[in-house]
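Numbered by the working numbering, the letters in the sequence shown go through residues 271 to 357 in order.
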Amino acid sequence: QAGAWGTYHLTAQGETSWFGFAQAIGEALREQGKPCANLLPMPSSDYPTPAVRPLNSRLDCSRLQREWGVSQPDWQTALRECLDSQL
C-alpha cells in the first residue's frame, strides 16, 4: 500500500496507568480467591529511576487500524484472557 511505511504502534485499545493496570490484576486475583496486597497509588516523581520517563507514554494505534485494518481488543479484555489462562 502506498504510504503504508513508517512506525506503527500495536497494543491493546484504551488507556490506563501502571496503577490502574495493577488494580485490574488485583481485582482478578481477588475474584478467584487469591491473595493480593492492598495497592496505593503514588506519583512517578516519588519513584525516581535512572532513565527519565515520559509522563504520557500512551501509544496511538489508529494508523495501524486505518492502513491495515488491524484492531486489538481493549486492554481489560486482553488482560482477563491472559490471567484466565495463567491463574
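Where a beta carbon is used, it is the ideal one built from N, C-alpha and C, also for glycine.
Helix, strand or coil at residue i according to DSSP, with G and I counted as helix
| i | result |
| --- | --- |
| Q342 | coil |
| Q356 | helix |
| Q302 | coil |
Residue i vs residue j beta-carbon contact at 9 Å
| i | j | result |
| --- | --- | --- |
| R333 | Y278 | yes |
| A294 | Q356 | no |
| A321 | L309 | no |
| P363 | S287 | Because the chain here runs from 271 to 357, residue 363 falls outside it and cannot be looked at. |
| Q342 | C331 | yes |
| R336 | A298 | no |
Interface flag, residue i vs chain D, CB-CB below 9 Å
| i | result |
| --- | --- |
| A282 | Absence of chain D from the displayed structure is noted, only one protein chain being present. |
For residue i, the nearest candidate out of the options (CA to CA)
| i | options | result |
| --- | --- | --- |
| L329 | Q342, T281, T319 | T281 |
| P313 | Q302, E297, F289 | F289 |
Pairwise C-alpha distance: residue j and residue i
| i | j | result |
| --- | --- | --- |
| N326 | E285 | 11 Å |
| K304 | D354 | 13 Å |
| A274 | D344 | 24 Å |
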